[in-house]
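Residue numbering for the sequence shown follows my numbering, beginning at 61 and increasing consecutively.
Ideal placement from N, C-alpha and C gives every residue a C-beta, glycine not left out.
To keep things clear, I will list the structure first and then write my remarks on it.
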Amino acid sequence: MTDKWAKGIEVFDAVYGKGSSSMVEAAPRSDYLNETVEHLFGDIWGANALSIRDKRLMVIGATTMLGRADLLEIQIAGAIVNGEITDEQFEEMKMLMLFYAGAGNTTALVRGIDAARKRAADLAAAN
């Protein structure tokens, strides 16, 4: 294990919740996985100018524009586990994105929030 890998794993758990990195560590190592853990998490998510919450809000906005409820679920579950976004803020987020991302993409956000609440509850129960 390299120092960059270890840092990436540490940041991965900070982003998605303690123990979340177990799914990454169980995966077969590849150039793609190394780049994701070492660069995306270790360098980019691990940089300090923006907080994890700031980065997550940007990713949620961009992912809402893609209409990807599955990817939104992952980000939003991390936000819930880390206590970064309240239920009131999720409701406000839905209204804002309705006008900036459109109704169809915001429906994906709503589905992502609903699925993430279940995922976060399952993670909390497991820990």
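Residue i classed as buried or exposed, judged by whether at least 16 other C-beta atoms fall within 10 angstroms
i	result
residue 124	buried
residue 104	exposed
Run of the alpha helix (DSSP H) containing residue i, from where it starts to where it stops
i	result
residue 125	112–126
residue 63	63–76
residue 94	91–94
For residue i, the three-state DSSP class (helix, strand or coil)
i	result
residue 79	coil
residue 102	helix
residue 107	coil
Okay, do the segment 154–166 and the segment 115–131 touch, 3+ Cβ pairs below 8 Å being the bar?
With the rule of 3 Cβ pairs closer than 8 Å, the segment 154–166 counts as touching the segment 115–131.
Please give the ranges of any alpha helix (DSSP H) in the segment 131–172, keeping only runs that are unbroken, at least 4 residues long and fully inside the region.
Fully enclosed alpha helix (DSSP H) runs of 4 or longer: 147–161.
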